[in-house]
Amino acid sequence: MFTVLYSGRSAMNANQERLEAISNNLANVGTNGYKRVDVGFEDLLSQSLKRNGYPTNSDQPFTGTGVRSTGLLKDTSQGPLLSTGNPSDFAIDGEGYLKVTKSDGSTAYTRNGSLKIDVNGTLVDAMGNKVALEYTAGNTEASVKFSKENLTVDADGSVYQKQLDGKFAKVANLPLFNAVGSDGMIPVGESLFVQSPNSTVYKVDPKNSDIRQGFLEGSNVDMGKEFTDMILTQRAFELGSKSIKTADDMWGMINGLKGR
Numbered sequence: 011m012f013t014v015l016y017s018g019r020s021a022m023n024a025n026q027e028r029l030e031a032i033s034n035n036l037a038n039v040g041t042n043g044y045k046r047v048d049v050g051f052e053d054l055l056s057q058s059l060k061r062n063g064y065p066t067n068s069d070q071p072f073t074g075t076g077v078r079s080t081g082l083l084k085d086t087s088q089g090p091l092l093s094t095g096n097p098s099d100f101a102i103d104g105e106g107y108l109k110v111t112k113s114d115g116s117t118a119y120t121r122n123g124s125l126k127i128d129v130n131g132t133l134v135d136a137m138g139n140k141v142a143l144e145y146t147a148g149n150t151e152a153s154v155k156f157s158k159e160n161l162t163v164d165a166d167g168s169v170y171q172k173q174l175d176g177k178f179a180k181v182a183n184l185p186l187f188n189a190v191g192s193d194g195m196i197p198v199g200e201s202l203f204v205q206s207p208n209s210t211v212y213k214v215d216p217k218n219s220d221i222r223q224g225f226l227e228g229s230n231v232d233m234g235k236e237f238t239d240m241i242l243t244q245r246a247f248e249l250g251s252k253s254i255k256t257a258d259d260m261w262g263m264i265n266g267l268k269g270r
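Numbering (the numbering used here), first residue to last: 11 to 270.
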């Protein structure tokens, strides 16, 4: 009888986590560069556990049944490219993230290419975080001042600025980065990611990605799929709840018989 309770409880906990992930996906369906997440599950039939909430009579792990989540799974598939015509909008077509420096000096990464040029002529993201550029010889952040009229970026990330003679000259590169290893990039909100503790960041080969000026990458969330997954997950949650209620009803019947 206890097995039914443990199985039902584990199912409810795991499906609750998936419902939260689905809700987050739906909330970000209009967020530029957002990557949907799902929740992985694993069978507990032969898993040894030491988790709070599972009864144990000693220090030995309790072997339970049911299911549990294994964490969030990020869907890194390409989102749709949306034309904006804005010269400070950039979509990444392929792998990689833009690197930004936050106001506290820490490093973060983003797929949201909705950038702007601040009063100092510096390329920043929507939150004012400075976008990392690799300046060519003879050029620095202090000497290069961008405006929407004098900024051009090629697909390979080459950044050009209009000179006084009306011609464009290359002044920098807009590099892309990615991470390999456990968890890779971890989302921290505001369309930003940070490197996970066990991952290594590397620079993306320009041949593997294109930068599209005047475009934004939309979210890769499919609303139809998310609503379908929500219904299925709610049903699975309800089944876990019903199994617990059924076990409770049976206990009530047994206790009633014993009392006679």
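Beta carbons: idealized from backbone N, C-alpha and C, even for Gly.
Spatial neighbours of residue i in its chain, beta-carbon cut-off 6 Å, leaving aside the 5 residues before and after
i	result
Gly-228	Gly-89, Pro-90, Leu-92
Arg-28	Val-49, Thr-243
Thr-256	none
Gln-57	Bear in mind that a pLDDT of 47 at Gln-57, under 50, signals an unreliable position, so the model cannot answer this.
Asn-122	Asn-42, Gly-43, Ser-201
Met-302	Past the boundaries of the shown model lies residue 302; the chain is included only from 11 to 270, so the question cannot be answered.
Val-14	Ser-253, Ala-257
Gln-173	Ala-179
Val-198	Val-204
Asn-25	Thr-243, Ala-246, Phe-247
Asn-35	Arg-46, Val-231, Glu-236
The beta strand (DSSP E) enclosing residue i, as first and last residue numbers
i	result
Asp-166	Run containing Asp-166: none; DSSP gives neither H nor E here.
Leu-226	225-227
Pro-197	195-199
Gln-205	202-205
Tyr-317	No answer is possible for residue 317: it lies beyond the span of the chain, which begins at 11 and ends at 270.
Asp-103	100-104
Ser-93	91-93
Bridge partners - residue i, DSSP secondary structure assignment
i	result
Leu-82	Val-49
Lys-172	Phe-178
Asp-128	According to DSSP, which records beta bridges pairwise, Asp-128 is partnered with nothing at all.
Lys-3	Since the displayed the chain opens at 11 and closes at 270, residue 3 lies outside it and no answer follows.
Asn-183	Glu-144, Ser-168
Ile-254	According to DSSP, which records beta bridges pairwise, Ile-254 is partnered with nothing at all.
Ile-32	Beta-bridge pairing links Ile-32 to no other residue.
Val-190	Thr-210
Arg-222	Ala-101
Beta-carbon contacts of residue i that lie in its chain and below 8 Å, excluding the five residues immediately before and after
i	result
Phe-156	Ile-127, Gly-131, Thr-132, Leu-133, Gln-171
Gly-95	Gly-224
Gly-266	none
Ser-251	Gly-18, Met-22
Asn-188	Glu-105, Gly-106, Tyr-107, Gly-194, Met-195, Val-211, Tyr-212, Val-214
Ser-113	Gly-138, Asn-139
Glu-151	Thr-132, Leu-143, Tyr-145
C-beta atoms of residue i and residue j nearer than 8 Å
i	j	result
Val-47	Met-233	no
Gly-191	Ser-219	no
Asn-183	Val-169	yes
Met-260	Glu-200	no
Val-163	Phe-100	yes
Gly-76	Tyr-145	no
Leu-161	Pro-97	yes
Cutoff 7 Å; reference residue i; Cβ partners in own chain excluding five residues on either side
i	result
Gly-63	Low confidence applies here, because Gly-63 scores a pLDDT of 49, under 50, leaving its location unreliable; read the following figure in that light. Around Gly-63: no qualifying Cβ.
Asp-166	Pro-216
Ser-87	Asn-230
Glu-248	none
Ile-102	Arg-121, Gly-123, Leu-186, Ser-219, Ile-221, Glu-227
Ser-153	none
Thr-117	Lys-109, Thr-111
Secondary structure, beta strand (DSSP E): runs of 3+ residues fully inside the stretch 131-169:
The DSSP assignment places 161-163 as complete runs of the beta strand (DSSP E) inside the stretch 131-169, in order along the chain (cut-off: 3 residues).
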